[in-house]
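Engineer:
There are 2 protein chains.
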Amino acid sequence: MIGKLNHVAIAVPDLQAASAQYRDTLGAQVGAPQDLPEHGVTVVFVTLPNTKIELLHPLGADSPIVGFLEKNPAGGIHHLCYEVADIGAARDRLTAAGARVLGDGEPKIGAHGNPVLFLHPKDFTGTLVELEEVGKAAEPEAAS
Amino acid sequence: MIGKLNHVAIAVPDLQAASAQYRDTLGAQVGAPQDLPEHGVTVVFVTLPNTKIELLHPLGADSPIVGFLEKNPAGGIHHLCYEVADIGAARDRLTAAGARVLGDGEPKIGAHGNPVLFLHPKDFTGTLVELEEVGKAAEPEAAS
Chain A
1 MIGKLNHVAI AVPDLQAASA QYRDTLGAQV GAPQDLPEHG VTVVFVTLPN
51 TKIELLHPLG ADSPIVGFLE KNPAGGIHHL CYEVADIGAA RDRLTAAGAR
101 VLGDGEPKIG AHGNPVLFLH PKDFTGTLVE LEEVGKAAEP EAAS
Chain B
1 MIGKLNHVAI AVPDLQAASA QYRDTLGAQV GAPQDLPEHG VTVVFVTLPN
51 TKIELLHPLG ADSPIVGFLE KNPAGGIHHL CYEVADIGAA RDRLTAAGAR
101 VLGDGEPKIG AHGNPVLFLH PKDFTGTLVE LEEVGKAAEP EAAS
């Protein structure tokens, strides 16, 4: 069911410092900060040859990552995002298997304009998992 | 400098349960457990179309991930591994930039038989970063 790893999201206390580390120290391709007020984050994309790192910083007092940074002041890996071809089918399969979808269980439009949902970390080895629908091309076996 | 994301390593308290979640619930391609006594871990590889997830479980009392699982009993993301073409050059660039290499600073042979080193999480936004030398093909710009 899951396809590519779309991105690894890392919450950071200082977006400028983290961007400089990835650009200057690690020599990666680092984009400009983008405010996503509807998601309560400012993001910087680090583009690797096979996937992306998303550096996340809180935007606004209601940011969903404020609590995470309070617990992890130096920053830390916040979630993994896997691509799926059909998020409704994914949700049905997951809930049938007993996995808990966060929120009201319905997909929302995520930071890339695609439907996303988040799974309860306790159901996935302590890892917050985001699923993002990217269309049928996400699953090689579905394209054949 | 860094190339592909080689893998995301997730420490898990129950390797069989985590393997079943990734295989049956998330529908991913999951390998058989491999004991790596020289690294103090048993690993299961989850192969995604563009990268790998490494599920890690302690092997032996001196396992380097025992402490992590004591702090994170449900499991959690342990480290990210980026590929580099030349680990000696990477180490020199990093230490010149003030980043701390764990241990004695010399690359070791990692779980895939390639030279690896680990960087101090405090220098990289709370993320434990592994660098793995995979040869010149790791950096597209170096191959041209």
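Here the protein sequences come in this chain order: A and B.
Using full-length UniProt numbering, read the first sequence as starting at 1 and increasing by one per residue.
Using full-length UniProt numbering, read the second sequence as starting at 1 and increasing by one per residue.
C-beta: ideal position from N, C-alpha, C; glycine also.
What you are looking at is a predicted structure, and each value in this text was computed from that prediction instead of being measured.
Count the other CB atoms within 10 Å of the CB of A:Glu70; is the residue buried (16 or more) or exposed (fewer)?
Structural biologist: What you label residue 70 of chain A is simply residue 70 of the first sequence in a count that begins at 1. Exposed: under 16 other Cβ atoms inside 10 Å.
Engineer: Quick check on B:Leu59: does DSSP put it in helix, strand or coil?
Structural biologist: As a position in the second sequence, residue 59 of chain B is number 59, starting the count at 1. Looking at B:Leu59 - three-state DSSP - the assignment turns out to be coil, as it is neither helix nor strand.
Engineer: Counting only the same chain and skipping the five closest in sequence on each side, list residues whose C-beta sits under 6 Å from that of B:Leu83.
Structural biologist: Locating residue 83 of chain B in the second sequence gives position 83, where the first residue counts as 1. Per the sequence shown, the amino acid found at residue 83 of chain B is Glu instead of Leu. Non-local beta-carbon contacts of B:Glu83 in its own chain, meaning distances under 6 Å to residues more than five positions away in sequence, involve Gly3, Lys4, Asn6, Glu132, Val134 and Ala138 in chain order.
Engineer: Do B:Gln8 and B:Ile77 have their CB atoms nearer than 8 Å?
Structural biologist: Working through the second sequence from its first residue, we reach residue 8 of chain B at position 8. Working through the second sequence from its first residue, we reach residue 77 of chain B at position 77. In the sequence on display, residue 8 of chain B carries Val and not Gln. Result yes, Cβ atoms of B:Val8 and B:Ile77 sit closer than 8 Å.
Engineer: State yes or no: is the beta carbon of B:Leu59 nearer than 8 Å to at least one beta carbon in chain A?
Structural biologist: Taking the second sequence and counting its residues from 1, the one referred to as residue 59 of chain B is at position 59. By the rule that beta-carbons nearer than 8 Å mark a contact, B:Leu59 does not touch chain A.
Engineer: With a Cβ-Cβ cutoff of 8 Å, do A:Val129 and A:Leu80 count as a contact?
Structural biologist: For the purposes of this step, residue 129 of chain A is taken as residue 129 along the first sequence, with counting starting at 1. For the purposes of this step, residue 80 of chain A is taken as residue 80 along the first sequence, with counting starting at 1. At a Cβ-Cβ threshold of 8 Å, A:Val129 and A:Leu80 count as neighbours.
Engineer: Under 8 Å Cβ-Cβ, which residues of chain A neighbour B:Asn72?
Structural biologist: The residue given as residue 72 of chain B occupies position 72 in the second sequence. What B:Asn72 touches in chain A: Gly126.
Engineer: If you compare alpha carbons, which of A:Ala85, A:Asn114, A:Gly126 and A:Phe68 is closest to A:Val12?
Structural biologist: Numbered from its first residue, the first sequence carries residue 12 of chain A at position 12. The option with the nearest alpha carbon to A:Val12 is A:Phe68.
Engineer: Of all Cβ atoms in chain B, is any one closer than 8 Å to the Cβ of A:Leu102?
Structural biologist: Taking the first sequence and counting its residues from 1, the one referred to as residue 102 of chain A is at position 102. Closer than 8 Å: no.
Engineer: Specify, as a first and last residue, the run of the beta strand (DSSP E) that B:Thr42 falls within.
Structural biologist: Counted from its first residue, the second sequence places residue 42 of chain B at position 42. Segment Val41 to Thr47, the beta strand (DSSP E) holding B:Thr42.
Engineer: Among the residues of its own chain, which have a CB less than 7 Å from the CB of A:Gly111, if the five just before and after it don't count?
Structural biologist: Numbered from 1 along the first sequence, position 111 holds the residue referred to as residue 111 of chain A. Per the sequence shown, the amino acid found at residue 111 of chain A is Ala instead of Gly. The residues are Leu36, His39 and Val43.
Engineer: Within the chosen definition, does the stretch 12 to 24 of chain A reach the stretch 55 to 63 of chain A through at least 3 CB pairs nearer than 8 Å?
Structural biologist: yes
Engineer: Could you tell me which of A:Ala32, A:Gly88 and A:Gln16 sits nearest to A:Leu109, measuring between CA atoms?
Structural biologist: Against the first sequence, residue 109 of chain A aligns to sequence position 109. Note that residue 109 of chain A corresponds to Ile in the displayed sequence, not to Leu. If we check each option's Cα against that of A:Ile109, A:Gly88 comes out closest.
Engineer: Tell me which residues of the stretch 38 to 52 of chain B have at least one Cβ-Cβ distance to chain A shorter than 8 Å, keeping chain order.
Structural biologist: Leu48, Pro49, Asn50 and Thr51
Engineer: List, in order along the chain, the chain B residues whose C-beta lies closer than 7 Å to that of A:Gly76?
Structural biologist: In the first sequence, counting from the first residue as 1, residue 76 of chain A sits at position 76. Chain B residues near A:Gly76: Gly126 and Thr127.
Engineer: Quick one: is B:Asp35 near chain E, going by C-beta distance under 8 Å?
Structural biologist: No chain E is present in this structure, whose protein chains are A and B.
Engineer: Nearest CA to the CA of B:Ser63: which residue from B:Thr47, B:Val41 and B:Pro73?
Structural biologist: The residue given as residue 63 of chain B occupies position 63 in the second sequence. Of B:Thr47, B:Val41 and B:Pro73, the residue nearest in Cα terms is B:Val41.
Engineer: Go ahead and pull the three-state DSSP assignment for B:Ala142.
Structural biologist: Here residue 142 of chain B corresponds to residue number 142 of the second sequence, with the count starting at 1. Because the pLDDT of B:Ala142 is 40, which lies under 50, any placement of that residue in the model is unreliable, and the question is left without a value.
Engineer: Against B:Ala3, what residues of chain A qualify as contacts under a CB-to-CB distance less than 8 Å, listed in chain order?
Structural biologist: On the second sequence, position 3 is the one that residue 3 of chain B refers to. Just to set this straight, residue 3 of chain B is Gly in the shown sequence, not Ala. The contacting residues are Leu48 and Pro49.
Engineer: Just list the residues that DSSP pairs B:His7 with in beta bridges.
Structural biologist: By one-based count along the second sequence, residue 7 of chain B stands at place 7. BP columns for B:His7 point to B:Lys52 and B:Cys81.
Engineer: Assign B:Val66 to one of two classes, buried (16 or more other C-beta atoms within 10 Å of its C-beta) or exposed (fewer than that).
Structural biologist: To locate residue 66 of chain B, count along the second sequence from 1; it is residue 66. Result: exposed.
Engineer: Can you list, in chain order, the residues of its chain whose CB lies under 6 Å from that of A:Ala28, leaving out five sequence neighbours each side?
Structural biologist: Locating residue 28 of chain A in the first sequence gives position 28, counting from the first residue. Once the five neighbours on either side are set aside, the close Cβ partners of A:Ala28 are Tyr22 and Val46.
Engineer: Once DSSP output is grouped into helix, strand and coil, what is the label at A:Gly98?
Structural biologist: Your numbering for residue 98 of chain A matches position 98 in the first sequence. Coil, per DSSP.
Engineer: Check the C-beta distance from A:Gly103 over to B:Ala74 and give it rounded, since I have them as a contact under 8 Å.
Structural biologist: Position 103 of the first sequence, counting from 1, holds the residue named residue 103 of chain A. Position 74 of the second sequence, counting from 1, holds the residue named residue 74 of chain B. The Cβ separation is near 20 Å, so there is no contact.
Engineer: According to DSSP, is A:Ala17 part of a helix, a strand, or is it coil?
Structural biologist: The residue given as residue 17 of chain A occupies position 17 in the first sequence. DSSP places A:Ala17 in helix when its eight states are reduced to three.
Engineer: So what does B:Asp35 bridge to, in DSSP terms?
Structural biologist: One-based indexing of the second sequence puts residue 35 of chain B at position 35. Answer is B:Thr42.
Engineer: For A:Ala85, count the other beta carbons within 10 Å of its own beta carbon; 16 or more makes it buried, fewer makes it exposed. Which is it?
Structural biologist: The residue given as residue 85 of chain A occupies position 85 in the first sequence. By the 10 Å Cβ count, A:Ala85 comes out buried.
Engineer: Look up residue 149 of chain A in the DSSP assignment and give the residues it is bridged to.
Structural biologist: The structure shown does not extend to residue 149 of chain A, since chain A is modelled only from 1 to 144, so the question has no answer here.
Engineer: Hey, out of A:Arg93, A:Pro33, A:Pro49 and A:Gln34, whose CA is closest to A:Met1's CA?
Structural biologist: Within the first sequence, the letter at position 1 stands for residue 1 of chain A. It is A:Arg93.
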